[in-house]
Amino acid sequence: MKTRQNQQIFRTLLNAMSAPGQTFAFGTTEFSDCLSSAPLSPACAAICLSLLDEASPISLFQMPESVASWLLKHCRVPISSPKQAVFALGMGKHWDWDQTLLNIGSEEEPEKGATLILELDSLDGGEPLQLTGPGIASSQIAAPRLSPGFMTFRQKQQGLYPRGIDLILCCGNECLCLPRSISIHSDMENKSCPM
Amino acid sequence: MIPYNFAYLDENSKRAIRRSLLKAVAIPGHQIAFASREMPLPYGWGTGGIQITAAIIGKDDRLKVIDQGADDTTNAVSIRHFFQSVAGIATTTETRQASIIQTRHRIPETPLCADQIIVYQVPMPEPLFKLEPRRTETRILHAMADYSLMYLQLYDHITRYGRVAIGYDYPVMVHDRYLMSPSPIPAFDVPKMHMNPALQLFGAGREKRLYAVPPYTRVVPLAFEDYPFAPLQAQAPCAICGSTSSYKDEIILDDNGKRQFVCSDTDYCGRTSCQ
Chain X
1 MKTRQNQQIF
11 RTLLNAMSAP
21 GQTFAFGTTE
31 FSDCLSSAPL
41 SPACAAICLS
51 LLDEASPISL
61 FQMPESVASW
71 LLKHCRVPIS
81 SPKQAVFALG
91 MGKHWDWDQT
101 LLNIGSEEEP
111 EKGATLILEL
121 DSLDGGEPLQ
131 LTGPGIASSQ
141 IAAPRLSPGF
151 MTFRQKQQGL
161 YPRGIDLILC
171 CGNECLCLPR
181 SISIHSDMEN
191 KSCPM
Chain C
1 MIPYNFAYLD
11 ENSKRAIRRS
21 LLKAVAIPGH
31 QIAFASREMP
41 LPYGWGTGGI
51 QITAAIIGKD
61 DRLKVIDQGA
71 DDTTNAVSIR
81 HFFQSVAGIA
91 TTTETRQASI
101 IQTRHRIPET
111 PLCADQIIVY
121 QVPMPEPLFK
131 LEPRRTETRI
141 LHAMADYSLM
151 YLQLYDHITR
161 YGRVAIGYDY
171 PVMVHDRYLM
181 SPSPIPAFDV
191 PKMHMNPALQ
201 LFGAGREKRL
211 YAVPPYTRVV
221 PLAFEDYPFA
231 PLQAQAPCAI
241 CGSTSSYKDE
251 IILDDNGKRQ
261 FVCSDTDYCG
271 RTSCQ
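Chains as they are written, first to last, in full-length UniProt numbering: chain X, 1 to 195; chain C, 1 to 275.
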């Protein structure tokens, strides 16, 4: 029942993208056969299986060699250079690679901006971030364990809206989305200067 | 069993639409081109909405389809039947029971919830189309967020008619960035889009575009400070249920011009008249 799984994973992801900062779990037990062979977290592998195909080139950053061969075998997705990539896959704890290599789209076609899928050690316990914007009723706190370079990168991105890249953070069978439309402030900033 | 893939579209087409939908949610109000497929009904009958519904619908969903607020019109009945036969899903006419609502030209009177998705059928996704028909030009205007043409049209209406005479498809600003067509819903329905807890998806099959408004997103109708947004509303209560707050259809009863108003939302009207 691959059709049903694809649909369920996509709906969870659509819910997650519509509610930035909230953690959503995938029911990944059903296709354990494909996932057990994956050198990725179940959430990340599920997203790849349901979204990627030959029309969506992916770029890999600091991922083991086995990831590329697994993606080729199960998704038939071409591995491309960062500029051509529709998706990118990386590790959240390393922020030392150059994210500016990724396509952020143009003013006329901002949707060409890449989707960055990051593998994280944990979706909480990191520095608390305050999120506001579309999908969030008032404000939302999220604390994914991202490396410190993230906020600098994100602040640069915020000024470029509607251009930018969208983030899907994965850990275990859970995911959390940070689309480009939301504003992210580190919670510490707010405490030091109450407005 | 009908020899079609679940929900009619093949998996590759669904994946392409799904990737576009995620981008649409990430850039509220921005129109995204998608590879619109040929559907077993002509353009203008909701092919865009059907393709989006086909890409998101699953076995556990309960689908409601309305056409001008009614569950029992040709378009609504045939689309509901289409998904029953190609996806085997449950359908309903009750707004509260539905997990996906596909609509042509109305938003239900019953407020939507956070776990619902509303899919709009859109004939013309470009809000500037009547002012600038060239797509090559309008995409530049969107890129620069230059919507002076539309403000000029509103001004033109005020000088000619004394008010903004746009009854349906009223232009709105989404997330303070993109001018968006809310599809040909009455201006009366536009305030329901603002900060709605449901996800709103829009599909235009012939024009091959889709766009989205995520939950809790600012959707503000264009207006001037001294001429605020003021949608028209029928003066009479519903002849069936007596509701004064709903949107009404005007029905001509005889050759002498006798008329009555009834709720356009049949589900709402039915429940209100039962109470």
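Where is the CB? At the ideal position from N, CA and C, for every residue including glycine.
Local Cβ density within 10 Å of residue i, reported as buried at 16 or more and exposed below that
i, result
"G4 (chain C)", "The amino acid at residue 4 (chain C) is misidentified as Gly; the sequence shows Tyr. Exposed, since its Cβ has fewer than 16 Cβ neighbours within 10 Å."
"L154 (chain C)", "buried"
"S41 (chain X)", "buried"
"R154 (chain X)", "buried"
"H105 (chain C)", "buried"
"Y161 (chain C)", "exposed"
"M144 (chain C)", "exposed"
"A236 (chain C)", "exposed"
"A212 (chain C)", "buried"
"H30 (chain C)", "buried"
"G149 (chain X)", "exposed"
"K23 (chain C)", "buried"
"P127 (chain C)", "buried"
"G159 (chain X)", "exposed"
Nearest candidate by alpha-carbon position, reference residue i, set the options
i, options, result
"residue 230 (chain X)", "X:T152, X:Y161, X:F24 and X:L14", "With chain X covering 1 to 195 only, the question about residue 230 (chain X) has no answer from this structure."
"A187 (chain C)", "C:A76, C:D169 and C:E225", "C:D169"
"C263 (chain C)", "C:R80, C:P108 and C:L9", "C:P108"
"H194 (chain C)", "C:G242, C:P221 and C:P237", "C:P221"
"C241 (chain C)", "C:N256, C:T272, C:E250 and C:P133", "C:T272"
"R180 (chain X)", "X:Q7, X:C75, X:T23 and X:T115", "X:T115"
"W70 (chain X)", "X:Q140, X:S147, X:E107 and X:L49", "X:L49"
"E174 (chain X)", "X:Q5, X:G133, X:A46 and X:A68", "X:A46"
"Q200 (chain C)", "C:T92, C:L112 and C:S78", "C:L112"
"L176 (chain X)", "X:P57, X:H185, X:Q140 and X:Q62", "X:Q140"
"residue 280 (chain C)", "C:R177, C:V190, C:L152 and C:K130", "Residue coverage of chain C in this structure runs from 1 to 275, which leaves residue 280 (chain C) outside it and unanswerable."
"D61 (chain C)", "C:G49, C:V164 and C:I101", "C:I101"
"W97 (chain X)", "X:S59, X:K73, X:G133 and X:I79", "X:S59"
"P179 (chain C)", "C:E225, C:S148 and C:T159", "Note that residue 179 (chain C) is Leu in the sequence shown, not Pro. Closest by alpha carbon: C:S148."
"Y227 (chain C)", "C:R177, C:G270, C:K192 and C:A165", "C:A165"
"F224 (chain C)", "C:D249, C:V172, C:I185 and C:I140", "C:V172"
Residue j beta carbon less than 8 Å from that of residue i
i, j, result
"S18 (chain X)", "P28 (chain C)", "no"
"S175 (chain C)", "T217 (chain C)", "According to the sequence as given, residue 175 (chain C) is His; it is not Ser. Yes, the pair counts as a contact, with Cβ atoms nearer than the cut-off."
"Q68 (chain C)", "L9 (chain C)", "no"
"S14 (chain X)", "V25 (chain C)", "First, the amino acid is wrong: residue 14 (chain X) is Leu here, not Ser. Going by C-beta atoms, L14 (chain X) is nearer than 8 Å to V25 (chain C)."
"L178 (chain X)", "P20 (chain X)", "yes"
"V122 (chain C)", "G44 (chain C)", "no"
"L123 (chain X)", "I182 (chain X)", "no"
"P144 (chain X)", "G126 (chain X)", "yes"
"F26 (chain X)", "A43 (chain X)", "yes"
"A33 (chain C)", "R209 (chain C)", "yes"
Presumed contact (8 Å Cβ cut-off) between residue i and residue j, rounded CB distance
i, j, result
"E207 (chain C)", "M124 (chain C)", "7 Å"
"L118 (chain X)", "G90 (chain X)", "6 Å"
"R15 (chain C)", "L51 (chain X)", "6 Å"
"I17 (chain C)", "I57 (chain C)", "Actually they are not in contact, since the Cβ atoms of I17 (chain C) and I57 (chain C) sit about 12 Å apart, beyond 8 Å."
"A234 (chain C)", "F261 (chain C)", "5 Å"
"D53 (chain X)", "V77 (chain X)", "6 Å"
"L63 (chain C)", "A114 (chain C)", "About 18 Å separates the two Cβ atoms, so there is no contact after all."
Distance cut-off 7 Å: residue i Cβ against heavy atoms of the ligand MG
i, result
"R177 (chain C)", "The ligand MG is not part of the structure shown, which contains no ligands of any sort."
Contact with chain X by residue i, beta-carbon distance below 8 Å
i, result
"F6 (chain C)", "yes"
"A26 (chain C)", "yes"
"N196 (chain C)", "no"
"P125 (chain C)", "no"
"P3 (chain C)", "no"
"G58 (chain C)", "yes"
"L199 (chain C)", "yes"
Closer than 8 Å to chain C by CB, residue i
i, result
"L146 (chain X)", "no"
"L49 (chain X)", "no"
"S192 (chain X)", "The pLDDT assigned to S192 (chain X) is 46, lower than 50, so where the model puts this residue is not dependable, and the model offers no usable value."
"R154 (chain X)", "no"
"E127 (chain X)", "no"
"F24 (chain X)", "no"
"E174 (chain X)", "no"
Below-8 Å beta-carbon distance, residue i vs any chain A residue
i, result
"Y43 (chain C)", "Absent here is chain A; the protein component of the structure consists of chains X and C."
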